[in-house]
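If you want this note's numbering, it's the position in the sequence shown, counting the first as 1, plus 1037. Heads up: the structure comes next, in structure tokens.
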Amino acid sequence: MPRIVVLDPLSEDGLKLLDAAAGIDYEERIGLKGDDLRNALQEFDGAICRSGVKITAEILEGNTRLKAIARAGVGVDNIDVPTATKLNIVVMNTPGGNTLSTAEQAWMLLMALSRNVYAAYHSLVEGRWDRKKFMGNQVTGKTLGIVGMGRIGQAVAKFAKAFDMKIYALDPFITPEKAAEFGVTLVHHVHDMLPLVDYLTVHTPINNETRGLIGKKEVEMIKPGARLINCARGGIFEIDALVGGLKSGKLGGVALDVYESEPCTDNPLFGMPNVICSPHLGASTEEAQTNVAIEAVELLIDFFTTNTIRQSVNFPST
1038 MPRIVVLDPL
1048 SEDGLKLLDA
1058 AAGIDYEERI
1068 GLKGDDLRNA
1078 LQEFDGAICR
1088 SGVKITAEIL
1098 EGNTRLKAIA
1108 RAGVGVDNID
1118 VPTATKLNIV
1128 VMNTPGGNTL
1138 STAEQAWMLL
1148 MALSRNVYAA
1158 YHSLVEGRWD
1168 RKKFMGNQVT
1178 GKTLGIVGMG
1188 RIGQAVAKFA
1198 KAFDMKIYAL
1208 DPFITPEKAA
1218 EFGVTLVHHV
1228 HDMLPLVDYL
1238 TVHTPINNET
1248 RGLIGKKEVE
1258 MIKPGARLIN
1268 CARGGIFEID
1278 ALVGGLKSGK
1288 LGGVALDVYE
1298 SEPCTDNPLF
1308 GMPNVICSPH
1318 LGASTEEAQT
1328 NVAIEAVELL
1338 IDFFTTNTIR
1348 QSVNFPST
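Written as structure tokens, this is what we have:
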């Protein structure tokens, strides 16, 4: 009987699916690290995780039992995929489960930046009525740049079209026909859109091509007053460049939901004017957590009961 370990908290709906799965046994072992995690993974055939646990090369080293890991979420940067591949461990993710919630988080931050929502509320809490101080900008009719036109980027583009925005997009994998379908104008490099956009939002993985995508050079190139939003992965924006752009007045605002190292409670942007930051809440909705949990469980059930791999980010030899 295949044994599955649940390493991070899952929604009740996901656990109920595991309870009902015939021929599969599971245990919850939350918060494991180091040797405890390494030893636990040697007792199970499959594992389900979110972003809390870090499955490194050292954790996987010497594991001859584990066959599959399902990440209840999009990114798999907390899993050493190359090592898993060498050990013939299939790594699966759930790219569709939190699409709308993350897109809504990005859009919410964009809107909140435009109308100074946090600062205005904070002034009321402090007993001030500063209407003139919080003059904002209308979003309708402005220009949006989207880096990454996957599921989340596409959802954001739909929101933007509802606000009659002009949209530039960068994605090497989207065809001109698909771009036309979403009403976006493709560019070949992020530099092509920077002088044109009032808002820039990124929806890409973190890799060698996207790390530091927006740095000092890019801030110098961007349209004065532009606002930047990152609900994808920390490290795509260089923090020092953002701080400099805000201090100089070149940037109109910055909103972050993600950070290079998480949890993050200390960042140069925290407390700066025209900044809104949240603690990685993109997928933190009841709907998203239910969706990704169910999908992750279904992936492992299919893998162990029908030998089906529906969503893999790697291709082990067996």
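All C-beta atoms, glycine included, are put in the ideal place defined by N, C-alpha and C.
Between Y1236 and L1147, the C-beta gap is smaller than 8 Å, which places the two residues in contact. It is roughly 15 Å from the alpha-carbon of S1160 to the alpha-carbon of M1309. DSSP places N1076 in the helix class (H, G or I) of the three-state scheme.
Sequence-distant Cβ neighbours of G1262 in its own chain, meaning closer than 6 Å and more than five residues away, are G1289.
Relative to the Cα of D1073, the nearest Cα in the group D1303, L1047, L1097 and D1117 belongs to L1097. A direct Cα-Cα distance of roughly 31 Å separates T1139 from N1344. Annotated three-state conformation of Y1158 is helix, per DSSP. In this structure, G1133 keeps its C-beta atom at 8 Å or more from the C-beta atom of R1168. Around T1247, the same chain offers T1241 and I1273 as residues with beta carbons nearer than 6 Å, after the five sequence neighbours per side are excluded. Residues of the same chain with their beta carbon placed closer than 6 Å to that of K1215 are lacking, with the five preceding and five following residues left out of the count. Contiguous alpha helix (DSSP H) elements confined to the stretch 1185-1229 occur at 1188-1199 and 1213-1219, taking only those with 4 or more residues. DSSP, read as helix, strand or coil, puts E1065 in strand.
Taking C-beta atoms as the reference points, G1083 and L1337 count as a pair closer than 8 Å. I1266 sits buried, since 16 or more C-beta atoms from the chains shown fall within 10 Å of its C-beta. Counting along the chain, I1085 sits inside the beta strand (DSSP E) bounded by residues G1083 to C1086. In summary, N1245 is exposed, with fewer than 16 beta-carbon neighbours lying within 10 Å of its beta-carbon over all protein chains present.
For A1199, the closest alpha carbon among the candidates V1176, A1217, T1212 and G1112 is that of V1176. Within the stretch 1231-1306, the runs of beta strand (DSSP E) that reach at least 3 residues and sit entirely inside it are, in chain order, 1236-1239, 1263-1267 and 1288-1293. Taking the C-beta atoms as reference points, A1330 is found nearer than 8 Å to D1050.
A straight line joining the alpha-carbon of H1317 with that of D1303 spans about 14 Å.
According to the DSSP assignment, V1043 belongs to the beta strand (DSSP E) that extends over R1040 to V1043. Taking C-beta separations shorter than 8 Å and ignoring five residues to either side along the sequence, the partners of V1280 in its chain run P1305, L1306 and M1309, following chain order. For V1329, the enclosing alpha helix (DSSP H) covers residues E1323 to T1343. Looking at the backbone, the Cα of D1277 and that of L1055 are separated by about 45 Å.
Secondary structure note for M1145: its alpha helix (DSSP H) is the uninterrupted segment T1136 to S1151. Here A1058 is not near L1069, since their CB atoms are 8 Å or more apart.
Per the coordinates, the alpha-carbon of S1321 lies some 15 Å from the alpha-carbon of C1314. Of all C-beta pairs linking the stretch 1107-1121 to the stretch 1149-1164, fewer than three are shorter than 8 Å, placing the two stretches out of contact. The beta carbon of D1339 lies closer than 7 Å to those of T1345 and R1347 in the same chain, with the five residues before and after it left out.
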